[in-house]
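A short write-up of the structure that comes next.
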Amino acid sequence: MQSLKISVAQILGRPGTQKEIPVVAPLEGLQGPLARVAPESVRAELRVEAVVEGVLVTGRPVATLELECARCLKPFGAEVASEVCELFVAPGTEAPDEDAYRIDGLEIDLEPMLRDALGLELPLNPICSKDCKGLCAHCGADLNVGTCDCRDDATDPRWAPLEELKAKLQEERT
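Going letter by letter, the sequence shown gives residues 3 to 176 in the working numbering.
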């Protein structure tokens with residue numbers, strides 16, 4: 003298991019110096035209501051470059067997700083990716099904003115950056131396929147597998163007077 007803490011001792015304070023860092027690591031605890039990152043699934047080729055203010059990290063992290071369809075509730079997998087370009091501010095340097103990532107000694111911790119970037123990519127309403135029919139609202143049958151015996155016209159009885167009025171108005175028009 004690869005650590006997400008990376009040493010920047012060789013490049014810190016030498017603007018223009020860079021190194022490539024391959025990342026394959028877990029990102030535990032990152033999840034949404036119907037999605038979570040699969041174990042050991044975060045992959046990225048990151049470029050770490052020294053700049054005057056600290057270290058600039060760029061790249062494209064990709065994560066495999068374990069999802070649950072919002073319509074039929076069946077599990078399925080998908081991948082999400084995000085572009086990152088984040089500044090890690092060197093000690094003693096003023097941060098451009100209070101949420102800036104900081105260099106801790108001679109290391110940067112990539113976990114918060116990856117968590118923020120990939121967390122924004124988690125789907126709020128994952129659908130297994132655009133053709134998913136979901137579950138019957140009355141009996142819970144999976145409509146992707148077959149039909150159910152529920153009536154489609156099951157109307158709330160409180161709307162019956164309105165249905166009668168509609169029928170009466172249509173009758174008057176003809």
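We put the beta carbon where it would ideally sit given N, CA and C, even for glycine.
Runs of beta strand (DSSP E) with 3 or more residues, each lying fully within the segment 71 to 134, are found at 77 to 83, 86 to 91, 109 to 111, listed in chain order. Going by beta carbons, LEU89 and GLY56 fall inside the 9 Å limit.
Assignment of GLU55 by DSSP, reduced to helix, strand and coil, places it in the coil class. Shown here for GLU70: same chain residues with a beta carbon closer than 6 Å to its own, the five before and five after excluded, namely LEU36, PRO77 in chain order.
Ranked by Cα distance from LYS21, the first of ARG49, LEU32, LEU29 is ARG49. Taking the Cα positions, ALA97 is about 19 Å away from ILE13. Listed in chain order, the alpha helix (DSSP H) runs fully inside the segment 4 to 72 amount to none, counting runs of at least 4 residues.
For the pair MET115 and CYS74, the Cα-to-Cα distance works out to about 33 Å.
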